[in-house]
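Take a look at the structure set out below.
Number of protein chains: 2
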Amino acid sequence: MAQLQRLAVNPAQICDRKIDLTREQQHYLNRVLRLQAGDRFIAMDGRGHWWSAVLEVRETGLFASIAEEIAVNRELPVEVTLMAALPKGNGFDEVVRQAAELGVASIVPVTSDRTLLKPSSQKVDRWKRIAAEAAEQSERQFVPTILEPVSFDLAVKDCGQKYRFICVARGPNRHLWDCLVGFVPPQFRATTGAPPLQRGEQDGGELSIVIAIGPEGGWTEGEVKRAIEFDFEPVSLGSRILRAVTAPIVALSLVGAAFEKC
Amino acid sequence: MAQLQRLAVNPAQICDRKIDLTREQQHYLNRVLRLQAGDRFIAMDGRGHWWSAVLEVRETGLFASIAEEIAVNRELPVEVTLMAALPKGNGFDEVVRQAAELGVASIVPVTSDRTLLKPSSQKVDRWKRIAAEAAEQSERQFVPTILEPVSFDLAVKDCGQKYRFICVARGPNRHLWDCLVGFVPPQFRATTGAPPLQRGEQDGGELSIVIAIGPEGGWTEGEVKRAIEFDFEPVSLGSRILRAVTAPIVALSLVGAAFEKC
C-alpha cells in the first residue's frame, strides 16, 4: 500500500464525520498533492486522532469525509516537559524541533541568571509553528505545547510535574538514566508483543516529568539551589560536557529509551 | 581554583617537556587569553593526553613547559563509528558537531542510493575543523577522525568494527538499546566508585561498534539488505520518526548511557 499523505486539521473543522476544508487545505490537497475526488489521505487533529479521509467534491469546493480512525501511537508513555533556558542566538529553533521529534509534551522557555532577555511574541509564535511542523513530520499525534516564556524562578515555583530533574554538567550527581529506571512503574514498562502504551491510560494515572536544561555555561549555583528547594533532583547526562542545544536531545533520548525499553 | 584555559597542540610540537608554540598560539595565549609568563593553561594533544603547562618567555618569543599530565577521561569506554549518509543541505555540520560532543571516535560520511553527490574536499576539511572544535569545547581527549566520503556499499564491505548496526525507521526491528545492553561485557560496566574506564584497556581488548544512519527518507530496502549480508543488524531507535540529523544524536546518547550506566 502506498503511503498516504497527511494533513493537519483543526478539530473545529470536523462535524458529523465531514471535514470542512479551508481554501488553503483544498489548494494543498488538490493542487500540491494532486489528489482527486475519491482519493484518500490522513487527517490529524494534533490531539492524538488520525483518520483515513476521502476527498469529495461539492458545488462550493472540496470537502473530506472520514472513513475510519487509524490507531497509530508514536507518543511517549509519559508526559515530559522540557524547561529550557533560552540561548542568545537562534539555537532554540532547533531545540524545539528536535524535542518535538523526540516526543516532548510541552516546552517552557525560561529566562535565567545567564540569559535575561525575554523573547518577543513573534519568536514564541515561530516556535509554535516549528513544534507543529515537527510533530507532523515525525508523525506524532500530539502537537507539543510551547508555553509563554517565564523566569526560571517562577517556572520552578509553579512546577506541577511529579518527577523533577535539573541537569548539571559538573559535580557528582546521579545520572538521569539511574533516576529514570528507578521510578518507571511496572505498568509503564513495555513488554514484547504488548500493545503500545497510551499516555495517561495506565493504572495509576498520569506520570509526568520535568527536565530543566540550562543555558551555555550552565545554571548558576543559586539556580540549582533554588530548584532543589522545589524538589528538583540535580542529575548528570554523562561524562561529557554538552552544549545547551545538545543536552535536551540527550535527555529526551534517555526518557524515550527508559520508558519504552525498561 | 579558577578553570584553566585549554589549547590544542600537535604532538610534534612537544619535545623534552617543552611545547614549541606557533605564532598563532602565542598570539592566542598572550593577546586573546591575556596570559602572562608564569601563567598556567591546559595543553591537549587530541590523542588523550592533557597537560598542565606553564607559559614562559625567551628571546624568540613565548613557549610553554609541561608541569604535569592531568588525567581526565571524558571518553566513551567503547570505540563508536558513525556511518552517516550525507544530507542534501548543510545539516551535516551539526551532525559532526553533536556526534563529536557525544564521544564518537570516527565518522564515515557515505553517499547512498538517495544521496549520490560526493562532497568537496573543502567540506571534509570543514568537518574536520568542526570535530576538533567540538572535541575541545566538550573537553574530550580525542579528536574524532573524519574519514574520506565513500559509497555506502564500500563502507559496509570494508567495515572492521565488531558490532554493526543499521538504523531503520519502520518495521519490527529490535531496539538499539536492547542490542547494546545485550553485549556490554561485565568489564565495561561502570560500577560506583571505580576509576573511569580507559578505552581499549579492558580485558578482552578493544570493543568497537559501528552505527549506520540513513539520509532523509531512510536507507533503501536494497541498502538494508546489502548491509545485513555484511553482518549489520537492523535496529530501531524507538516509536518516533526521526530526521537524519536527529537520529545519530539519539543513537549516540543511547551508546553513552548503555556503556556508562549498565
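Residue numbers (my numbering), protein chains in the order written: chain A, 13 to 274; chain B, 13 to 274.
Glycine included, every Cβ here is placed at the ideal spot set by N, Cα and C.
Because the structure is a prediction, the values reported are computed rather than measured.
Near chain A, meaning a CB-to-CB distance below 7 Å, the residues of the stretch 109-136 of chain B are Gln110, Glu113, Leu114, Gly115. The residue from B:Val120, B:Asp32, B:Ser150 with its alpha-carbon nearest to that of B:Val168 is B:Val120. Restricting attention to A:Ile78, A:Asp125, A:Ala117, the CA atom closest to the CA of A:Lys100 is found in A:Asp125. Just measuring C-alpha positions, the residue of B:Val262, B:Phe244, B:Ala97, B:Phe53 sitting nearest B:Glu81 is B:Phe53. Within 8 Å of the CB of B:Gly103, no CB atom of chain A is found; the nearest one sits about 10 Å away. Taking a Cβ-Cβ threshold of 9 Å, the residues of chain A close to B:Arg152 are Arg252, Ile253, in chain order. Taking a C-beta distance under 7 Å as the contact criterion, A:Val116 and A:Pro156 qualify as a contact pair. With contacts defined as CB atoms closer than 7 Å, A:Val267 and A:Val122 fail to qualify as a contacting pair. Counting only runs of 4+ residues, the alpha helix (DSSP H) found wholly inside the stretch 17-78 of chain A occupies 35-39, in chain order. Counting of Cβ neighbours within 10 angstroms places A:Thr258 among the buried residues, the total reaching 16 or more. Distance from the CA atom of B:Cys171 to the CA atom of B:Trp139, rounded to whole angstroms, is 21 Å.
Going by DSSP, A:Phe154 is part of no alpha helix (DSSP H) at all; its letter is neither H nor E.
The closest CA to that of A:Val21, considering only A:Phe154, A:Gln48, A:Val44, is found on A:Phe154. Here DSSP, grouped into helix, strand and coil, assigns A:Pro260 to helix. A straight line joining the alpha-carbon of B:Asn102 with that of B:Arg141 spans about 15 Å. Neighbours of A:Ala144 across chain B, judged by C-beta separation under 9 Å, do not exist; the nearest C-beta is about 15 Å away. Neighbours of B:Leu266 in chain A, taken as residues whose beta carbon is under 7 Å from its own, are Ser265, Ala269 in chain order. In the structure shown, A:Phe164 adopts helical secondary structure according to DSSP, grouped into three states.
Not flagged as an interface residue toward chain B: A:Glu245, since no C-beta distance is shorter than 7 Å.
Distance from B:Ala112 to B:Phe177 at the Cβ level is roughly 20 Å; contact not present, criterion being Cβ atoms closer than 8 Å.
Taking the Cα positions, A:Phe242 is about 52 Å away from B:Phe242. Interface with chain A (7 Å Cβ-Cβ cutoff): B:Thr93 is excluded. Contact of A:Val262 with chain B by beta-carbon distance below 8 Å involves Leu114, Ile261, Ser265, Gly268. Note on A:Glu272: 16 or more other CB atoms within 10 angstroms of its CB, so buried under the neighbour-count rule.
Look at A:Glu228 here: in three-state DSSP terms it is coil, with no helix or strand label. The count of Cβ pairs closer than 8 Å, one atom from the stretch 63-82 of chain A and one from the stretch 141-152 of chain A, stays below three, leaving the stretches out of contact.
Interface with chain A (7 Å Cβ-Cβ cutoff): B:Trp189 is included. Here the alpha carbons of A:Leu254 and A:Phe164 stand approximately 20 Å from one another. Annotated three-state conformation of A:Ser251 is coil, per DSSP. Flagged as an interface residue toward chain A: B:Glu272, by a C-beta distance shorter than 7 Å. DSSP places A:Val108 inside the alpha helix (DSSP H), whose first and last residues are 104-113.
Out of B:Glu36, B:Asp51, B:Asn85, the CA that lies nearest to the CA of B:His61 is found in B:Asn85. Close to B:Thr232, with beta-carbon spacing below 8 Å, lies no residue of chain A; the smallest spacing is near 15 Å. If you check the CB distance, B:Gln173 and B:Ser220 come in under 7 Å. In this structure A:Val44 is exposed. Its beta-carbon is surrounded by fewer than 16 other beta-carbon atoms within 10 angstroms. With a threshold of 16 other beta carbon atoms within 10 Å, B:Arg46 falls short and is exposed.
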